[in-house]
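If you're matching them up, the sequences are chains P and C in order. The opening position of the first sequence corresponds to residue 21 in the numbering used here, with each subsequent residue numbered one higher. The opening position of the second sequence corresponds to residue 21 in the numbering used here, with each subsequent residue numbered one higher. Note that CB positions come from ideal geometry on N, CA and C, so glycine has one too. Working notes, beginning with the structure itself.
Number of protein chains: 2
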Amino acid sequence: MRTIEWRGDHAVLLDQTRLPHEVVTIDVRDVDTMIDAIERLAVRGAPAIGVAGAFGVAIAALRAEREGLPVTFVRAEAKRIAAARPTAVNLSWAVRRVLGRLHAGAAAVISEAVAISEEDVRANRALAHRGADLLEQLTHASPMRVHTHCNTGALACVEWGTGLGIVRVLHERGKLRSVTADETRPLLQGSRLTAFELTELGIDHQIVVDSAGPTVIARGLADVVVVGADRIAANGDVANKIGTYPLALAAARAGVPLVVAAPESTLDPATASGGDIEIEVRDEDEVLTLGGVATAPRGARALNLAFDVTPADLVTAIVTDRRVIRPAAGERP
Amino acid sequence: MRTIEWRGDHAVLLDQTRLPHEVVTIDVRDVDTMIDAIERLAVRGAPAIGVAGAFGVAIAALRAEREGLPVTFVRAEAKRIAAARPTAVNLSWAVRRVLGRLHAGAAAVISEAVAISEEDVRANRALAHRGADLLEQLTHASPMRVHTHCNTGALACVEWGTGLGIVRVLHERGKLRSVTADETRPLLQGSRLTAFELTELGIDHQIVVDSAGPTVIARGLADVVVVGADRIAANGDVANKIGTYPLALAAARAGVPLVVAAPESTLDPATASGGDIEIEVRDEDEVLTLGGVATAPRGARALNLAFDVTPADLVTAIVTDRRVIRPAAGERP
Chain P
21 MRTIEWRGDH AVLLDQTRLP HEVVTIDVRD VDTMIDAIER LAVRGAPAIG
71 VAGAFGVAIA ALRAEREGLP VTFVRAEAKR IAAARPTAVN LSWAVRRVLG
121 RLHAGAAAVI SEAVAISEED VRANRALAHR GADLLEQLTH ASPMRVHTHC
171 NTGALACVEW GTGLGIVRVL HERGKLRSVT ADETRPLLQG SRLTAFELTE
221 LGIDHQIVVD SAGPTVIARG LADVVVVGAD RIAANGDVAN KIGTYPLALA
271 AARAGVPLVV AAPESTLDPA TASGGDIEIE VRDEDEVLTL GGVATAPRGA
321 RALNLAFDVT PADLVTAIVT DRRVIRPAAG ERP
Chain C
21 MRTIEWRGDH AVLLDQTRLP HEVVTIDVRD VDTMIDAIER LAVRGAPAIG
71 VAGAFGVAIA ALRAEREGLP VTFVRAEAKR IAAARPTAVN LSWAVRRVLG
121 RLHAGAAAVI SEAVAISEED VRANRALAHR GADLLEQLTH ASPMRVHTHC
171 NTGALACVEW GTGLGIVRVL HERGKLRSVT ADETRPLLQG SRLTAFELTE
221 LGIDHQIVVD SAGPTVIARG LADVVVVGAD RIAANGDVAN KIGTYPLALA
271 AARAGVPLVV AAPESTLDPA TASGGDIEIE VRDEDEVLTL GGVATAPRGA
321 RALNLAFDVT PADLVTAIVT DRRVIRPAAG ERP
């Protein structure tokens, strides 16, 4: 199934907090449920939460039409949805886009939201093939070893994936040797989700703790680093899951290419640079516990920064569904 | 109590795998128990495992004397002890040192082992005061914010601590504002042990996931980074807990000093550079589980690199019990 789908009058999404041990779906029929799913990362990944946001507005528009509520109700709901998570620009972008169809009625909003999800699938495939071509140019290693962070696979999108979509195309072409994946604390999207997808795809891989990623790169165990993005500023700075910046530092020092894979909707020309991107600070308990097990003494405090910013000069290339941008060489989106 | 102590005819150590939730000691009366404690990190930290190794040889020497076994028995036991963990040089150094007294009998070996543990306490205090002086020179922030990794406190030594010993002196001088500590996956020495020690000392602190350390530095939330070492090569390269290298990269880029705190016994003139240091690869299950909870799909594989190497050019200073060395400025140990 797809990570997130529209079914007649509601959305269905895969609960990613339960993976890999359980495959459970959630029927989303009201805005509160959608906001909750976005906030607790039942649906996650910049492209997927964009689609989730659009479906959330569709649910609000449908309710407004059924109950005779004014458009101001839908706009207020849309504002709440867009505020569910601050860093990924895809969420506010998708919400804004479907709101543009609100004057034409709920069916038009639904149709626009479904269009966004279909475009995501097409964009991912285009991006993945362009990215695979680029990687074959950037490294002479064949087959190649890819290091990645967090989850940029089908689960981060509607289907197929961005960064992991590239990996998948390389695998199909017989150009992939293996993948090393950071576990991605605190919520373990790497070990829970990326390892799950790679296992399903039959791709040879190993999980490492996040702090080992830079050593994998420094020791020559990766030919290229591929990550996703939550927001790309006008100057080419990239906000992505916490832990991307240390990989970029290590890759630059080792002369290993760092490739950022993201659809055009992740580019944010309205944000001048990485310093202007709001970095989400999440609940301390995500750091202080794991699977219900306390990892620190009672009363300990944590600072849970969910994203970091990689400066443009460390980004070898950004691959989108339409183009390749080379920030380290001075190109700007 | 001390982390590790000699009591008449056996050693007693604090089981660090049980902290912070339980305070349990282990009586060590045979070599197998000591090797097991070292291997599973019941005792850990380069200075502490040096002392543990010396006590292990003392136990073997005592048994040889009681049972009339030849010195070759003790030498073979010493070899097994020294091989329990490969990266920290303090272990083989301490084992070699007490073996030098074997010709004089078990009492002499015990006396030498106890001397090593007493010297560790004195060395830590000297190092901590010298390190605190250095930090006050290196940063104008007062009181200062220190970022640290793993555990370099009393628990890593016999008592007092190396890196965290410096922090403790700064705290006593009223020059410390707060500490940020990496949780240090996979075994969480940061959140389990460092947070425990800082809580006991009444020092304000926050835990971050390891991959957030570089962002703490990049965002100006730390005035200095202080870490320990397991082996320092002749050219100034530093092997330390996995995750040190990304902090060093981030610190160099941000212009934040990186200070390595270690006793002289951690310097290894016989190892030319970091590339010659054997990096321990530990069991995959440490990465694939946490507190008995599986973090990855069944059948997933991991690469568990326990240490990394920070090149000398990224090390602002090494502080020992006798001196300050500035590798980034071209000084060599």
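Secondary structure note for C/Ile46: it is in no alpha helix (DSSP H), and the uninterrupted beta strand (DSSP E) holding it is 45-48.
Taking 9 Å as the cut-off between beta carbons, the residues of the segment 223-244 of chain C near chain P are Asp224, His225, Gln226, Ile227, Val228, Val229, Asp230, Ser231, Ala232, Gly233, Pro234, Thr235, Val236, Ala238, Arg239, Leu241, in sequence order. The segment 258-277 of chain C makes contact with the segment 231-246 of chain C; the number of CB pairs closer than 8 Å reaches 3 or more.
At a C-beta separation below 8 Å, P/Gly319 has these neighbours in chain C: Thr219.
The segment 138-155 of chain C makes contact with the segment 180-199 of chain C, as at least three CB pairs between them are under 8 Å.
Annotation: the segment 88-137 of chain P contains the following complete segments of the alpha helix (DSSP H) (minimum length 4 residues), in chain order: 91-102, 109-119. Residues of chain C with a Cβ closer than 9 Å to the Cβ of P/Ala270 are, in chain order, Tyr265, Pro266, Leu269. In the structure shown, P/Ala249 adopts coil according to DSSP, grouped into three states.
Check the Cα spacing between P/Arg352 and each of P/Leu278, P/Val258, P/Asp305: the tightest is with P/Val258.
For C/Ala143, the number of other beta carbons within 10 angstroms of its own is at least 16, and it is reported as buried. Taken through DSSP and simplified to helix, strand or coil, P/Gln209 comes out as helix. At least one beta carbon of chain P lies nearer than 8 Å to the beta carbon of C/Pro206. Annotation: P/Ala232 to P/Val166 spans about 14 Å, alpha carbon to alpha carbon. CA-to-CA, the gap between P/Ala242 and C/His30 works out to about 47 Å. Under the DSSP assignment, C/Val166 falls in the beta strand (DSSP E) whose first and last residues are 164-168. The DSSP-derived three-state label of C/Leu155 is helix. Contact annotation: C/Leu111 and C/Ile69 have beta-carbon atoms nearer than 8 Å. In the three-state reduction of the DSSP assignment, C/Glu25 falls in the strand class, which pools E and B. The segment 23-40 of chain C makes no contact with the segment 297-308 of chain P; the number of CB pairs closer than 8 Å stays below 3.
Against chain P, the CB of C/Leu310 has a partner CB under 8 Å away; the residue lies at that interface. Assignment of alpha helix (DSSP H) within the segment 265-329 of chain C, counting only whole runs of 4 or more residues, yields 305-308 in chain order. Residue-level contact by beta carbon holds for P/Ser211 and chain C, with a gap shorter than 8 Å.
In the displayed model, P/Asn144 falls within a helix according to three-state DSSP.
Per the DSSP secondary-structure output, C/Val344 pairs in a beta bridge with C/Val339. For P/Ile252, no chain C residue has a C-beta closer than 8 Å to its own C-beta; the minimum C-beta separation is roughly 17 Å. Just measuring C-alpha positions, the residue of P/Leu269, P/Thr330, P/Leu61, P/Arg145 sitting nearest P/Arg251 is P/Thr330.
Under the three-state reduction of DSSP, P/Arg197 is assigned to strand.
Within the segment 189-206 of chain P, the residues whose Cβ lies closer than 8 Å to any Cβ of chain C are, in chain order, Thr200, Asp202, Glu203, Thr204, Arg205, Pro206. A distance below 8 Å between beta-carbons, with the five flanking residues on each side excluded, links P/Gly194 to the following residues of its chain, in chain order: Pro163. About 7 Å separates the beta carbon of P/Glu85 from that of P/Gly125, a gap short enough to meet the 8 Å contact definition. Using a Cβ distance threshold of 8 Å, P/Ala81 and P/Val129 count as a contacting pair. Annotation: P/Val187 is outside any beta strand (DSSP E); the continuous alpha helix (DSSP H) that includes it extends over 183-192. The straight-line gap separating the alpha-carbon atoms of P/Pro67 and P/Arg105 is approximately 13 Å.
At a cut-off of 8 Å, the C-beta of P/Thr182 has no neighbouring C-beta in chain C. Looking at the DSSP output, C/Ala31 sits in a beta bridge with C/Trp26, C/Val48. Taking C-alpha positions only, P/Phe75 is separated from C/Tyr265 by approximately 43 Å.
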